[in-house]
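To convert, count from 1 in the sequence shown and add 27; that's this note's numbering.
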Amino acid sequence: MGTGLGGSGVRGAGGVARAWSMEAIKGIPVSPGVVIGRALVLDDALHYVPHRTVAQDQVARQHERLEAAIGAATKDLEQDRDRIAEQLGPEPAKIFEFHLGMLHDPSLLEPVRASIDEDRVTAEYAVAKAFRALSARFRAMDSEVFRQKTNDLMDLDRRVLSKLMGESEDRLARQTEPVVVVAHDMTPARAASLDLEKVIAIATDAGGRTSHASIVAAALGIPVVVGCQRLTQYVEDGDELVVDGRSGVVVVRPDAETLEQYRRDIERIGDYQLRLREYAELEAVTKDGVRITLLGNIEFSREIEAVLSNGGDGVGLYRTEYLYLTSKTKPTEEEHFQAYKECIELLAGRPFTIRTADLGADKYTQEQAEEPERNPFLGLRSIRYCLQNLPMFKTQLRAILRASALGPVKVMFPLVSTAMELKQAKLVLNDTMEECEEDGIEFDADMPVGVMIEVPSAALTATTLAREVSFFSIGTNDLIQYTLAVDRANERVANLYTGAHPAVLQLIKMVIRAGRRFDVDTSLCGEIAGDVEFTMLLIGMGLRTLSLVPSQLPNVKRVIRSVDIGTCERLARKVGSFDSERQVMNCLREKVQEIVPGMDGGRTAG
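Next up, the structure:
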């Protein structure tokens, strides 16, 4: 969704001249707000190397960086060689001798040094260009021997680039002024580790609105725009940027007129947010007296303060996989327990729903796999992953059971696609309960057990699942993805990803009906729960509990207090007759403007 600007980066090789005038690059809005700040480009050596030139007096510095990186990579290779030789013998270690020879081969390094001198490019760009050009030549040869050397070259490429580009995190730590972080991509772990005293906004080339990394970034409460496709090609460290998290626009090197316009926007947003604060202190009650429970989605205990200050009734979704994604080691039972205990204490008796780990389709697990899955989102993910990693699963369940003795805790299993998966998960939970009893551990034997409805098969068999649980939570982020066959992290098909599709709405309606029929509490915790354009529709469909990003709570509460149930139900019936998402969205936007003038999905107001 980026604009058609000049410039290039290395995926293969090549590059063109940069444009230095103001550019407005369109991406995908993830977290609202507007900021003006200086860029800090964090490059990911394994994915993308932007084309950047340096001044003539910096050429020598690039040569120094190159030699230092080669030296560090050499040291790593020697250590790997010695370790493998000790563990497995001299023969397996010979591959590292081959790598060491390649790394110091003049035919590989001379083009790198020449590119730095002649093209005045950064050392990392010169390395990426030379290594990948040679890899392409090897792949084109008829000889299988040469084709196999491609993997060796790419391994060296990663090693050297990681030394050159691993400086990014150190540069962020050294910042003395707040910056806008610009990156090709953002992992959940990297987003979670950002220092909010130094980072005021995030903008990335890749990603979708509901990707896991975007969800974590949005939880930071700063403007976030993803899916800009080639933003890193047009931004240098220190460039002035405007990041507009309402419309998904990043303005690079804004002119004076544009800056003044956005400064007025920032002032207006501040005024609006002050007026909106009054809704945080009011109950979420419709005009005809129906109470809607509003809960918060969180990844970290520190977000509970935002849930409560924005008027939330508790936590409807605690994403526990970030205990894994933000640590270099698997969390122990005690680490799980302490995290849950802290949340329970902060909530002081309010509802707390813990989702078991949704791992499998992430960098954390794929890096650990002997053979990474080709399509992990359709593979060993979530409850499937837990059921095949029972020690890890039971460690988490023991911690959840221990925590249940401290306050009102619910547990829910994610991405269940069959009744058998749910029954297996409940069996593991029951086994863990028996073990806790034997060990004298206190827990709530009546802890409510629920299931997330995130795939069409679960929605279509909701009446079967309802017999096994006490509550449903509709996870629309994945439900949309699997219903529409649209990767929610892929910016290229972001326009196809929408909760307004009639098929998605039909599935939501089926789940609500099944819950009502079997007296199973039903809530919705996907991103559309926080989009005010959907608020009336969801209430009209019968939902009385929504779980959303804490910052969105006052906006949604404002809509709830402006409507009555009859109006919402009539809107739901009207929308149910439409056969396209465009008709649905147009109708919802018109209605929210009619009920609450000036409100546009929370984006215009910031």
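Each residue gets a CB set at the ideal place from its N, CA and C atoms; glycine is no exception. Because the structure is a prediction, the values reported are computed rather than measured.
The beta carbon of Val538 sits closer than 7 Å to the beta carbons of Ile480, Ala486, Ala489, Phe499, Ile501, Thr549 from its chain, once the five residues preceding and following it are set aside; these are given in chain order. Under the DSSP definition of a beta bridge, Met563 lacks any partner. Among the bridge pairs identified by DSSP, Asp458 is matched with none.
Taking all protein chains shown into account, Asp458 has fewer than 16 neighbouring C-beta atoms within 10 Å of its C-beta and is therefore exposed. Contact holds between the region 158 to 167 and the region 180 to 192, because three or more Cβ pairs, one in each stretch, are under 8 Å apart. Going by beta carbons, Glu448 and Leu414 fall inside the 9 Å limit. Under the DSSP assignment, Asn337 falls outside any beta strand (DSSP E); it carries neither an H nor an E label. The C-beta separation of Leu67 from Val208 comes to about 6 Å, placing the pair in contact by the 8 Å criterion.
The residue from His90, Ile555, Asn337, Gly569 with its alpha-carbon nearest to that of Ala541 is Gly569. As the crow flies, the alpha-carbon of Glu560 is around 34 Å from that of Met474. Ranked by Cα distance from Cys255, the first of Pro117, Val276, Cys614, Tyr524 is Val276. Spatial neighbours of Glu330 in its own chain (CB-CB distance under 8 Å, excluding positions within 5 residues in sequence) are listed in chain order as Ala246, Gly323, Pro577. DSSP places Ala230 in no alpha helix (DSSP H) but in the uninterrupted beta strand (DSSP E) bounded by 226 to 231. In this structure, the straight-line span from the alpha carbon of Asp212 to that of Val57 is close to 14 Å.
The beta carbon of Val86 sits closer than 7 Å to those of Ile143, Asp144, Arg147, all from its chain and outside the five residues before and after it, given in chain order. For the options Lys437, Lys453, Gly603, the alpha carbon positioned closest to that of Val443 is the one of Lys453.
Secondary structure of Met129 (DSSP, three-state): helix. Between the alpha carbons of Cys614 and Glu518 lies a distance of about 26 Å.
Residue burial annotation: Asn522 is exposed, with fewer than 16 other C-beta atoms found within 10 angstroms of its C-beta. Here the alpha carbons of Gly406 and Met612 stand approximately 32 Å from one another. Pairing Ile587 with Val602, the inter-Cα distance amounts to about 18 Å.
Taking 9 Å as the cut-off, the Cβ atoms of Ala599 and Leu573 do not count as close.
Restricting attention to Tyr351, Ser484, Leu309, Asp315, the CA atom closest to the CA of Ser336 is found in Leu309. Taking C-beta separations shorter than 6 Å and ignoring five residues to either side along the sequence, the partners of Pro281 in its chain run Met49, Val269, following chain order. Shown here, Ser574 sits in a strand according to DSSP, grouped into three states. Around the C-beta of Phe125, fewer than 16 other C-beta atoms lie within 10 Å, and the residue is accordingly described as exposed. Distance from the Cα of Leu433 is smallest, within the candidate group Gly376, Val278, Lys53, for Gly376. Pairing Arg65 with Ser274, the inter-Cα distance amounts to about 20 Å. The beta carbons of Pro441 and Ser484 sit no closer together than 9 Å. As a beta-bridge residue in DSSP terms, Ser550 pairs with Ser500.
Check the Cα spacing between Ala283 and each of Val547, Glu294, Glu267: the tightest is with Glu267. Taking C-beta separations shorter than 8 Å and ignoring five residues to either side along the sequence, the partners of Ile592 in its chain run Thr313, Asp315, Val317, Ile566, Gly567, following chain order.
In this structure, the straight-line span from the alpha carbon of Val476 to that of Val438 is close to 5 Å. The beta carbons of Ile249 and Ile227 sit about 6 Å from each other, so the pair counts as a contact at 8 Å. DSSP places Ala472 in the coil class of the three-state scheme, outside both helix and strand. The DSSP assignment places no complete alpha helix (DSSP H) segment of no fewer than 4 residues inside the region 289 to 326.
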